[in-house]
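Chemist: Sequential numbering from 1 applies to the sequence shown in my numbering.
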Amino acid sequence: MSGTGVTGATSVTVRVPAKVNVQLAVGGARPDGFHDLANVFLAVGLYDEVTVTPADTLRVTCEGPDASQVPLDRTNLAARAVEKLAARTGREARVHIHIAKDIPVAGGMAGGSADGAGALLACDALWGTGVSRDELLDICAELGSDVPFSLVGGAALGTGRGEKLRVLEVGGTFHWVFAVADGGLSTPAVYGEFDRLNAGVEVPEPVASGGLLGALAKGDAVALAGALSNDLQAAALSLRPSLALTLAAGRSAGALAGLVSGSGPTTAFLVRDADAAVKVAAALVGSGTCRAARVAAGPVPGAVVL
Ligand code: C5P
Numbered sequence: 001m002s003g004t005g006v007t008g009a010t011s012v013t014v015r016v017p018a019k020v021n022v023q024l025a026v027g028g029a030r031p032d033g034f035h036d037l038a039n040v041f042l043a044v045g046l047y048d049e050v051t052v053t054p055a056d057t058l059r060v061t062c063e064g065p066d067a068s069q070v071p072l073d074r075t076n077l078a079a080r081a082v083e084k085l086a087a088r089t090g091r092e093a094r095v096h097i098h099i100a101k102d103i104p105v106a107g108g109m110a111g112g113s114a115d116g117a118g119a120l121l122a123c124d125a126l127w128g129t130g131v132s133r134d135e136l137l138d139i140c141a142e143l144g145s146d147v148p149f150s151l152v153g154g155a156a157l158g159t160g161r162g163e164k165l166r167v168l169e170v171g172g173t174f175h176w177v178f179a180v181a182d183g184g185l186s187t188p189a190v191y192g193e194f195d196r197l198n199a200g201v202e203v204p205e206p207v208a209s210g211g212l213l214g215a216l217a218k219g220d221a222v223a224l225a226g227a228l229s230n231d232l233q234a235a236a237l238s239l240r241p242s243l244a245l246t247l248a249a250g251r252s253a254g255a256l257a258g259l260v261s262g263s264g265p266t267t268a269f270l271v272r273d274a275d276a277a278v279k280v281a282a283a284l285v286g287s288g289t290c291r292a293a294r295v296a297a298g299p300v301p302g303a304v305v306l
């Protein structure tokens with residue numbers, strides 16, 4: 001679980017997965033500005049690794065192809081997570097947080113949330129706080145709507161603003177291809193566009209689809225493909241119309257189905273098996289409609305100390 005840095009200080013590394021939303025049902029805007037959701041999360045095998053090491057002050061560093069897009073100040077969810085845990089346990093937040101980033105940045109795959117959950121679990125282990133799992137989940141919920149799921153992983157239905165989780169049983173492994181777009185999309189901007197597109201419309205209560213939950217439970221990829229849905233997709237496409245070309249390219253390459261992942265702009269393609277994933281990924285890259293394509297399967301466990 002731990003290693004020894006050059007200073008002789010112990011460090012802890014946590015590995016945290018990305019997520020895809022197999023259903024994202026969005027209700028009307030609430031008075032607090034958030035939206036009630038029925039959010040069916042699936043954790044998939046693309047990971048960030050977060051390492052914490054005792055240091056004189058709190059600082060964040062990041063490595064990886066998109067590291068330059070990651071904020072290294074106190075707005076980084078990893079830094080905020082450490083500050084919250086330190087405040088709650090009467091410590092000073094004196095750690096160096098290093099993020100090895102493999103999850104697309106601002107891509108709708110909960111990469112920032114993963115780093116928040118990862119830093120929280122890593123510092124909890126480093127400091128031996130004895131804080132309960134439920135308290136860690138409370139801190140995650142304060143950090144952001146998707147952060148509790150990054151800790152829990154697997155598959156879960158998120159209600160409220162997405163932070164109240166019910167763990168779901170999954171009867172098999174689902175294979176995915178993720179088309180990474182150029183640049184990110186701001187989650188508040190996509191929700192704002194959702195509100196603009198639905199102005200004057202009575203938005204129904206978000207409800208989890210029975211057919212979708214049944215497909216997950218059976219591990220039935222064809223049935224899941226028929227049930228995938230994302231109420232933020234129209235808003236993401238409105239802000240980034242070129243995503244329609246990516247969706248068309250993945251479908252014509254043989255994906256069972258494709259949809260925008262969360263608030264986008266990553267697009268997610270469900271495929272029959274690992275071989276199909278490799279073929280669809282190659283076709284997506286060849287289509288020139290995305291920056292890169294990544295292959296991953298899920299469900300996988302949430303944040304774990306290595
Ligand atoms: O909770 P989180 O910090 O990830 O939310 C980022 C933004 O996304 C919120 O400020 C809000 O604009 C939007 N959001 C929302 N309803 C949710 C979750 C997020 O409107 N359930």
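Ideal Cβ placement from N, Cα and C applies to all residues, glycine included.
Compute the minimum distance between the beta carbon of Leu37 and the heavy atoms of the ligand C5P, and state whether it is under 7 Å.
Modeler: Taking the sequence shown and counting its residues from 1, the one referred to as residue 37 is at position 37. Yes, the beta carbon of Leu37 sits closer than 7 Å to at least one heavy atom of the ligand C5P.
Chemist: With DSSP run on the structure shown, which of helix, strand or coil describes Gly27?
Modeler: Taking the sequence shown and counting its residues from 1, the one referred to as residue 27 is at position 27. Reduced to three states, the DSSP call for Gly27 is strand.
Chemist: Comparing alpha-carbon positions, which option in Arg30, Leu37, Gly45 and Gly27 lies nearest Phe178?
Modeler: For the purposes of this step, residue 178 is taken as the residue at position 178 of the sequence shown. Answer by Cα proximity: Gly45.
Chemist: Taking the alpha helix (DSSP H) that Arg166 belongs to, which residues open and close that run?
Modeler: On the sequence shown, position 166 is the one that residue 166 refers to. Taken as a continuous stretch (DSSP letters only), Arg166 belongs to no alpha helix (DSSP H), being part of the beta strand (DSSP E) at Lys164 to Val167.
Chemist: State the beta-bridge partners of Ile97 as determined by DSSP.
Modeler: Taking the first residue of the sequence shown as position 1, residue 97 is located at position 97. Val52 and Val60, per the DSSP bridge assignment.
Chemist: Cutting at 8 Å between CB atoms, please list the residues of its own chain near Gly5, excluding the five before and the five after it.
Modeler: The residue labelled residue 5 in the question sits at position 5 within the sequence shown. A caution first: Gly5 carries a pLDDT of 41, below 50, which makes its placement in the model too unreliable to give a value.
Chemist: Using CA coordinates, which residue listed in Ala106, Asp115, Gln233 and Ala181 is at the minimum distance from His98?
Modeler: On the sequence shown, position 98 is the one that residue 98 refers to. With distances taken between Cα atoms, His98 lies closest to Asp115.
Chemist: By the 10 Å Cβ neighbour count, where 16 or more other Cβ atoms means buried, how is Thr75 classified, buried or exposed?
Modeler: Walking along the sequence shown from the start, residue 75 turns up at place 75. That one is exposed.
Chemist: What does DSSP give as the partner residue(s) for Val131 in the beta ladder?
Modeler: Along the sequence shown, read from residue 1 onward, the residue named residue 131 stands at position 131. In DSSP, Val131 forms no bridge with anything.
Chemist: Evaluate contact between the stretch 22-33 and the stretch 58-66, counting only Cβ atoms and requiring at least three cross-stretch pairs below 8 Å.
Modeler: No, because fewer than three Cβ pairs between the stretch 22-33 and the stretch 58-66 fall closer than 8 Å, the two stretches do not touch.
Chemist: Please specify which runs of the alpha helix (DSSP H), each continuous and at least 4 residues long, are wholly inside the stretch 208-235, giving them in chain order.
Modeler: Counting whole runs of 4 or more residues, the stretch 208-235 contains the alpha helix (DSSP H) stretches 210-218 and 221-227.
Chemist: Within the chosen definition, does the stretch 183-195 reach the stretch 105-120 through at least 3 CB pairs nearer than 8 Å?
Modeler: Yes, the stretch 183-195 touches the stretch 105-120.
Chemist: When the Cβ atoms of the stretch 201-214 are set against those of the stretch 244-253, are three or more pairs found closer than 8 Å?
Modeler: Result no; under three Cβ-Cβ pairs closer than 8 Å.
Chemist: Would the C-beta of Arg196 count as close to the ligand C5P, meaning under 7 Å from any of its heavy atoms?
Modeler: Start at 1 with the first residue of the sequence shown, and residue 196 comes out as number 196. Checking every heavy atom of the ligand C5P against the Cβ of Arg196, none is found closer than 7 Å.
Chemist: Kindly confirm or deny that the stretch 137-156 and the stretch 77-84 touch, where touching means at least three C-beta pairs closer than 8 Å.
Modeler: Output reads yes: the stretch 77-84 touches the stretch 137-156.
Chemist: Is the beta carbon of Val271 less than 8 Å from the beta carbon of Leu256?
Modeler: As a working note, residue 271 is residue 271 in the sequence shown. As a working note, residue 256 is residue 256 in the sequence shown. Result yes, Cβ atoms of Val271 and Leu256 sit closer than 8 Å.
Chemist: Is the beta carbon of Ala110 less than 8 Å from the beta carbon of Ala18?
Modeler: As a working mapping, residue 110 is identified with position 110 in the sequence shown. As a working mapping, residue 18 is identified with position 18 in the sequence shown. Yes, the pair counts as a contact, with Cβ atoms nearer than the cut-off.
Chemist: Can you grab the Cα-Cα spacing for the pair Leu165 / Ala155, in whole Å?
Modeler: If you number the sequence shown from 1, residue 165 lands on position 165. If you number the sequence shown from 1, residue 155 lands on position 155. Between Leu165 and Ala155, the C-alpha separation is close to 9 Å.
Chemist: Could you tell me whether the Cβ atoms of Ala181 and Arg294 are closer together than 8 Å?
Modeler: Locating residue 181 in the sequence shown gives position 181, counting from the first residue. Locating residue 294 in the sequence shown gives position 294, counting from the first residue. The answer is no: Cβ separation not under 8 Å.
Chemist: How would you label Glu205, buried or exposed, when you count the other beta carbons within 10 angstroms and need 16 or more for buried?
Modeler: By one-based count along the sequence shown, residue 205 stands at place 205. Glu205 comes out exposed.
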